[in-house]
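Novice: Please see the structure below; I have some questions.
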Amino acid sequence: MFARLGIIATCFSTLLLVEAAQAQTYTASQLQAKRMLEKISGTKIPMDNPLIAQMAAKIDANDSLGAATLATTHPNFLNITVKQMALKMSTRDETMRLPLNDFAAAFMGVTRDGVDARTLLSGNFYYMADPTKIPTGTTVPANLVADFALSNNHYQALDNLTLDIGSVLMPVTSGQPMASQGDPTKATLIINPEPAGVLTSRTFMLAHAEAGTNRRLVNYTFREFMCTPMAGWADTQVSDMRIGRDVDRFPGSDNNKFLTSCKGCHAGMDAFRGAFAKWDVDNGANLVSHSGLNNGGSFDGNGVATKMNKNNTVFPDGFTTINDSFINNAQGTANALTLGWRPSTAGPNSGNGAAQFGTLIANSSRFSQCMGQRVYEATCRKTMDTTAQLQLMINLGTYLESKSYNLKSLFQYVATLPDCY
Amino acid sequence: MRNKRQMVTSIVVGVAAFALPSMYNACSQIAGFQLGGTSSVASSQSASTPVVNAISPSAKLGLSVLNYQQVVTSASSLLGVPIDSTTASIYNTNSTLLLETFDVGLINAPMWITVTDIDSQLCQALVTKEMAMTAVNRTYFGSIDFTQPIANITDAEFLQAMSNFAAHAWGRALSANETTALTTAKQEFVSAIPSTTTGSGLVTQNQDLQIFGCTAMMASLESITL
Numbered sequence: 180m181f182a183r184l185g186i187i188a189t190c191f192s193t194l195l196l197v198e199a200a201q202a203q204t205y206t207a208s209q210l211q212a213k214r215m216l217e218k219i220s221g222t223k224i225p226m227d228n229p230l231i232a233q234m235a236a237k238i239d240a241n242d243s244l245g246a247a248t249l250a251t252t253h254p255n256f257l258n259i260t261v262k263q264m265a266l267k268m269s270t271r272d273e274t275m276r277l278p279l280n281d282f283a284a285a286f287m288g289v290t291r292d293g294v295d296a297r298t299l300l301s302g303n304f305y306y307m308a309d310p311t312k313i314p315t316g317t318t319v320p321a322n323l324v325a326d327f328a329l330s331n332n333h334y335q336a337l338d339n340l341t342l343d344i345g346s347v348l349m350p351v352t353s354g355q356p357m358a359s360q361g362d363p364t365k366a367t368l369i370i371n372p373e374p375a376g377v378l379t380s381r382t383f384m385l386a387h388a389e390a391g392t393n394r395r396l397v398n399y400t401f402r403e404f405m406c407t408p409m410a411g412w413a414d415t416q417v418s419d420m421r422i423g424r425d426v427d428r429f430p431g432s433d434n435n436k437f438l439t440s441c442k443g444c445h446a447g448m449d450a451f452r453g454a455f456a457k458w459d460v461d462n463g464a465n466l467v468s469h470s471g472l473n474n475g476g477s478f479d480g481n482g483v484a485t486k487m488n489k490n491n492t493v494f495p496d497g498f499t500t501i502n503d504s505f506i507n508n509a510q511g512t513a514n515a516l517t518l519g520w521r522p523s524t525a526g527p528n529s530g531n532g533a534a535q536f537g538t539l540i541a542n543s544s545r546f547s548q549c550m551g552q553r554v555y556e557a558t559c560r561k562t563m564d565t566t567a568q569l570q571l572m573i574n575l576g577t578y579l580e581s582k583s584y585n586l587k588s589l590f591q592y593v594a595t596l597p598d599c600y
Numbered sequence: 006m007r008n009k010r011q012m013v014t015s016i017v018v019g020v021a022a023f024a025l026p027s028m029y030n031a032c033s034q035i036a037g038f039q040l041g042g043t044s045s046v047a048s049s050q051s052a053s054t055p056v057v058n059a060i061s062p063s064a065k066l067g068l069s070v071l072n073y074q075q076v077v078t079s080a081s082s083l084l085g086v087p088i089d090s091t092t093a094s095i096y097n098t099n100s101t102l103l104l105e106t107f108d109v110g111l112i113n114a115p116m117w118i119t120v121t122d123i124d125s126q127l128c129q130a131l132v133t134k135e136m137a138m139t140a141v142n143r144t145y146f147g148s149i150d151f152t153q154p155i156a157n158i159t160d161a162e163f164l165q166a167m168s169n170f171a172a173h174a175w176g177r178a179l180s181a182n183e184t185t186a187l188t189t190a191k192q193e194f195v196s197a198i199p200s201t202t203t204g205s206g207l208v209t210q211n212q213d214l215q216i217f218g219c220t221a222m223m224a225s226l227e228s229i230t231l
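Here the protein sequences line up with chains X and E, keeping their order.
Here this note's numbering is used: position 197 in the first sequence is 376, and no number is missing along the way.
Here this note's numbering is used: position 209 in the second sequence is 214, and no number is missing along the way.
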């Protein structure tokens, strides 16, 4: 019945167009506070919310950042704004219409706790619900094998409309959980031997290490954390020595096509993908596998996923992956300027494994700028024009770095920008 | 009681049948509320001039629509009522009809009907909640005597309740046009009630009127955009 009442109400609602108010009943600073709080929380907020009066007082005292800091205490800042931003980065579909997962939970936790955002790409941690904070009557399965390593049960159970997820998450630093095999009745807990923050989360691995050749892990790391799709950093001017044997150098019997097209993407992507050489997904078991764990997957004698060297007859003289080393081929003139590589533990040129790859990415200036873009778009609810608004993107990256990569600070700063309204 | 409510339902459906065309006209007016900027721009261009309309409707309006989870969370927040299992069920069943992006240009009729479906459920909870309170302690319906039949609810009392929604949710007073539209809508709602209905049904109709008004305010464009 109420749905039908609603239908009529819908009709009527459409008549209530946004019109200039005849008379305001609140001060300008209260209205500004409301708008800021709504941007940060991603939710409409009633005027009698206590935060609005507190924020308005800050605004009256010319302390917009203080007002924004108060706004980030609203539960929906984490539960909606940060969660949805992270969910969109977590899978191949790049949709936010997903249940909570380990990737998004880590993002929420790192933001809430003010942890250096770079650890999202290299840290040995994950976030789970603190069992002492789960409300009575809510059941959240928490078996590390069945509900973390082999399914999304734990996070999915947290993601209901009434639970304040951001307040129940707690960091766990005893190692990311993995399973010895795909059968939950027989599997035992094993610890991820090569943790790299959310890059080695179950969600990211299942999305990008499933089938394929592990190039997708590199591609999507750049997409999500550098805001740069493959076409944006393709470079035909760099060495092709790392391009795998499965890439035809004479597509359509035309080497020129390889040199002017295929090489541009593969030279950079293949050079990096060695970082994920020891990772695989056991498709049948929906299981993330690592060669160091003997827990499924398909690996050769060097501990390298066999898919890294598959189709090796296409161009037998191509690069053969024998370990998890990688080199940075994205250092051509344009890429060096755009991506802004900096020295890190991996160095700007090469490294080994997923964590060093993540460290390299996270220390680039582009990572900081990308986080700026993502926070801007999540908070201001606008698409950033990275050409027209390049300076803003750079400024946001600089701000994040000046705040020790504290994402919450970045959200607060963005909410004070006139450009956000 | 149940039969009377069903009777009201049938009346509502009948009115809806009349109202739907105008509803969609109204929707298209909102769409044209310069969402349809492309066509108007295009029509003013010469044939040889390529039309470039890179600015999204959202950017033009400075508005962004609430996405799927934000719709239900916002309504709950504005009304101050928790999301109960019935509302959650409606949301879970229909959330795919709600938008994922913030682009107001993607607003469509199924989405809006889903919004009102969710809002009406929460408005019912609000009416139930505030009926149990003394008038002075109510946030929205302080002007409404829920023991009275619908015919005894004056336009001024109804408008006061709607003004409370405008103030709390939008931070402003009702405009003159909104006041007129609300008054007309209330009168049409009341006139659609069959004169044969008597007794407690009339009081129920009073509640329905408040749910109707609440839903209208919550499902309005200003309540579902930031």
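Glycine included, each C-beta is placed from N, C-alpha and C at the ideal position.
None of these values were measured; they are calculated from a predicted model.
Name the chain E residues whose beta carbon is nearer than 7 angstroms to that of Arg276 (chain X)?
Specialist: Here residue 276 (chain X) corresponds to residue number 97 of the first sequence, with the count starting at 1. Under the 7 angstroms cutoff, chain E gives Tyr73, Glu105.
Novice: Suppose you measure from the CA of Lys442 (chain X) to the CA of Thr558 (chain X); what does that come to, to the nearest Å?
Specialist: Position 263 of the first sequence holds residue 442 (chain X). Position 379 of the first sequence holds residue 558 (chain X). The straight-line gap from Cα to Cα measures roughly 38 angstroms.
Novice: Label Met138 (chain E) either buried or exposed according to how many other C-beta atoms from any shown protein chain fall within 10 Å of its C-beta, with 16 as the threshold for buried.
Specialist: Numbered from its first residue, the second sequence carries residue 138 (chain E) at position 133. Met138 (chain E) should be labelled exposed.
Novice: Consult DSSP for Val109 (chain E) and reduce its assignment to one of helix, strand or coil.
Specialist: Taking the first residue of the second sequence as position 1, residue 109 (chain E) is located at position 104. Helix.
Novice: Listed in chain order, which residues of the region 226-260 of chain X have Cβ atoms closer than 7 angstroms to some Cβ of chain E?
Specialist: Cβ contacts with chain E come from Met226, Asp227, Asn255, Ile259.
Novice: According to DSSP, simplified to helix, strand and coil, what is Phe498 (chain X)?
Specialist: As a position in the first sequence, residue 498 (chain X) is number 319, starting the count at 1. Residue state, collapsed to three classes: strand.
Novice: Mind checking Thr407 (chain X): buried by the 16 CB within 10 Å criterion, or exposed?
Specialist: Indexing the first sequence from 1 puts residue 407 (chain X) at position 228. So Thr407 (chain X) counts as buried.
Novice: I'd like the list of long-range same chain contacts for Thr260 (chain X), defined as Cβ closer than 8 angstroms, with 5 residues on each side in sequence excluded.
Specialist: Your numbering for residue 260 (chain X) matches position 81 in the first sequence. Here the set comprises Ile219, Ser220, Gly221, Ala557, Thr558, Phe590.
Novice: Quick check: Leu76 (chain E) and Ile112 (chain E), are their CB atoms within less than 7 angstroms of each other?
Specialist: Within the second sequence, the letter at position 71 stands for residue 76 (chain E). Within the second sequence, the letter at position 107 stands for residue 112 (chain E). Reading off the sequence shown, one finds Val at residue 76 (chain E), where the question assumed Leu. For Val76 (chain E) and Ile112 (chain E), no; Cβs fall outside 7 angstroms.
Novice: So for Phe478 (chain X), helix, strand or coil by DSSP?
Specialist: The residue labelled residue 478 (chain X) in the question sits at position 299 within the first sequence. If DSSP states are grouped into helix, strand and coil, Phe478 (chain X) belongs with the strands.
Novice: Mind checking Ser581 (chain X): buried by the 16 CB within 10 Å criterion, or exposed?
Specialist: Within the first sequence, numbered from 1, the residue matching residue 581 (chain X) stands at position 402. Its Cβ having fewer than 16 others within 10 Å, Ser581 (chain X) is exposed.
Novice: Are there three or more Cβ pairs, one per stretch, closer than 8 angstroms when the region 353-361 of chain X is compared with the region 317-330 of chain X?
Specialist: Yes, since at least three Cβ pairs between the region 353-361 of chain X and the region 317-330 of chain X fall closer than 8 angstroms, the two stretches touch.
Novice: Could you run through the region 210-221 of chain X and flag, in chain order, every residue whose CB is less than 7 angstroms away from some CB of chain E?
Specialist: So the close ones are Leu210, Lys213, Glu217, Lys218, Gly221.
Novice: Roughly how many angstroms lie between the CA atoms of Ala246 (chain X) and Ile238 (chain X), to the nearest whole one?
Specialist: On the first sequence, residue 246 (chain X) is found 67 positions in, with the first residue counted as 1. On the first sequence, residue 238 (chain X) is found 59 positions in, with the first residue counted as 1. When rounded, the distance between both Cα atoms is 6 angstroms.
Novice: Measuring straight from C-alpha to C-alpha, what distance separates Ile434 (chain X) and Ser418 (chain X)?
Specialist: What you label residue 434 (chain X) is simply residue 255 of the first sequence in a count that begins at 1. What you label residue 418 (chain X) is simply residue 239 of the first sequence in a count that begins at 1. The sequence shown places Asn at residue 434 (chain X), rather than the Ile named in the question. Cα to Cα, Asn434 (chain X) sits roughly 15 angstroms from Ser418 (chain X).
Novice: Would Phe282 (chain X) and Phe383 (chain X) be called neighbours here (beta carbons separated by less than 7 angstroms)?
Specialist: Position 103 of the first sequence, counted from the start, is the residue given in the question as residue 282 (chain X). Position 204 of the first sequence, counted from the start, is the residue given in the question as residue 383 (chain X). Yes; because the gap between Cβ atoms is below 7 angstroms, this pair is in contact.
Novice: Looking at the C-beta of Thr204 (chain X), does it have a partner C-beta in chain E at a distance below 7 angstroms?
Specialist: If you number the first sequence from 1, residue 204 (chain X) lands on position 25. It does: the Cβ of Thr204 (chain X) has a partner Cβ on chain E nearer than 7 angstroms.
Novice: Which residue comes first and which comes last in the alpha helix (DSSP H) that contains Pro350 (chain X)?
Specialist: Along the first sequence, read from residue 1 onward, the residue named residue 350 (chain X) stands at position 171. It is not in any alpha helix (DSSP H) - Pro350 (chain X) instead sits in the beta strand (DSSP E) that spans 348-351.
Novice: Alpha carbon to alpha carbon, how far is Asp461 (chain X) from Leu214 (chain E)? Give it in angstroms, no decimals.
Specialist: Position 209 of the second sequence, counting from 1, holds the residue named residue 214 (chain E). Position 282 of the first sequence, counting from 1, holds the residue named residue 461 (chain X). Whole-angstrom Cα-Cα distance: 58 angstroms.
Novice: When DSSP labels each residue in this structure, what does Ala247 (chain X) get in the three-state scheme?
Specialist: Translated into the one-based positions of the first sequence, residue 247 (chain X) becomes position 68. In the structure shown, Ala247 (chain X) sits in a helix (DSSP, three-state: H, G or I).
Novice: My guess is that Ser141 (chain X) and Pro254 (chain X) are in contact by the Cβ rule of under 8 angstroms, so how many angstroms apart are they, rounded?
Specialist: Past the edges of chain X, shown from 180 to 600, lies residue 141 (chain X), and the structure says nothing about it.
Novice: Kindly indicate if chain X contains any beta-carbon less than 7 angstroms away from that of Ala130 (chain E).
Specialist: For the purposes of this step, residue 130 (chain E) is taken as the residue at position 125 of the second sequence. False, the Cβ-Cβ gap to chain X never drops below 7 angstroms.
Novice: Counting only beta-carbon separations shorter than 7 angstroms, does Thr318 (chain X) have a partner in chain E?
Specialist: Position 139 of the first sequence, counted from the start, is the residue given in the question as residue 318 (chain X). Output row for Thr318 (chain X): interface = no.
Novice: Given 8 angstroms as the limit, is there contact between the region 222-234 of chain X and the region 556-576 of chain X, that is, 3 or more CB pairs closer than that?
Specialist: Because the criterion of three Cβ pairs below 8 angstroms is not met, the region 222-234 of chain X and the region 556-576 of chain X do not touch.
Novice: Grouping DSSP H, G and I as helix and E and B as strand, with all else coil, what is Ser79 (chain E)?
Specialist: Here the question's residue 79 (chain E) lines up with position 74 in the second sequence. Reduced to three states, the DSSP call for Ser79 (chain E) is helix.
Novice: Could you check what DSSP says for Ile231 (chain X) in three-state terms: helix, strand or coil?
Specialist: Taking the first residue of the first sequence as 1, we reach residue 231 (chain X) at position 52. Note: Ile231 (chain X) maps to helix in three-state DSSP.
Novice: Could you tell me which residues DSSP puts in a beta bridge with His469 (chain X)?
Specialist: Residue mapping note: residue 469 (chain X) aligns to position 290 of the first sequence, counting from 1. Answer by DSSP bridge pairing, in chain order: X:Trp458.
Novice: How many angstroms separate the CA atom of Asp496 (chain X) from the CA atom of Val426 (chain X)?
Specialist: Locating residue 496 (chain X) in the first sequence gives position 317, where the first residue counts as 1. Locating residue 426 (chain X) in the first sequence gives position 247, where the first residue counts as 1. One C-alpha to the other measures close to 10 angstroms.
Novice: Would you check if the region 181-195 of chain E and the region 92-102 of chain E touch, i.e. whether three or more CB-CB distances between them fall below 8 angstroms?
Specialist: The region 92-102 of chain E vs the region 181-195 of chain E: no contact.
Novice: Verify the CB distance criterion: does Gln39 (chain E) have a CB-CB separation below 7 angstroms to chain X?
Specialist: Counting from one through the second sequence, the residue named residue 39 (chain E) turns up at place 34. With a pLDDT of 32 at Gln39 (chain E), under the threshold of 50, the modelled position of this residue cannot be trusted; read the value that follows with caution. Judged by the 7 angstroms Cβ criterion, Gln39 (chain E) is not in contact with chain X.
Novice: Which one or two residues does DSSP pair with Val70 (chain E) in a beta bridge?
Specialist: Position 65 of the second sequence, counted from the start, is the residue given in the question as residue 70 (chain E). For Val70 (chain E), which the question treats as bridged, DSSP gives the partners E:Thr230.
Novice: Determine, for Thr341 (chain X), whether the minimum Cβ-Cβ distance to residues of chain E falls below 7 angstroms.
Specialist: As a first step, residue 341 (chain X) must be located in the first sequence, where it is residue number 162. So yes, Thr341 (chain X) belongs to the interface.
Novice: Leaving out five residues before and five after Phe401 (chain X) in sequence, what residues of the same chain have Cβ atoms less than 6 angstroms from its Cβ?
Specialist: Counted from its first residue, the first sequence places residue 401 (chain X) at position 222. The residues are Thr407.
Novice: Just checking: is the beta-carbon of Ile313 (chain X) within a distance shorter than 7 angstroms of some beta-carbon in chain E?
Specialist: Here the question's residue 313 (chain X) lines up with position 134 in the first sequence. With 7 angstroms as the cut-off, Ile313 (chain X) does not count as an interface residue toward chain E.
Novice: Pull up the distance between the alpha-carbon of Gly475 (chain X) and that of Leu244 (chain X), whole angstroms please.
Specialist: The residue you call residue 475 (chain X) lines up with position 296 of the first sequence. The residue you call residue 244 (chain X) lines up with position 65 of the first sequence. C-alpha separation (whole angstroms): 50 angstroms.
Novice: Tell me the residue span of the beta strand (DSSP E) that contains Pro115 (chain E).
Specialist: For the purposes of this step, residue 115 (chain E) is taken as the residue at position 110 of the second sequence. Run containing Pro115 (chain E): none in the beta strand (DSSP E); it sits in the alpha helix (DSSP H), 114-136.
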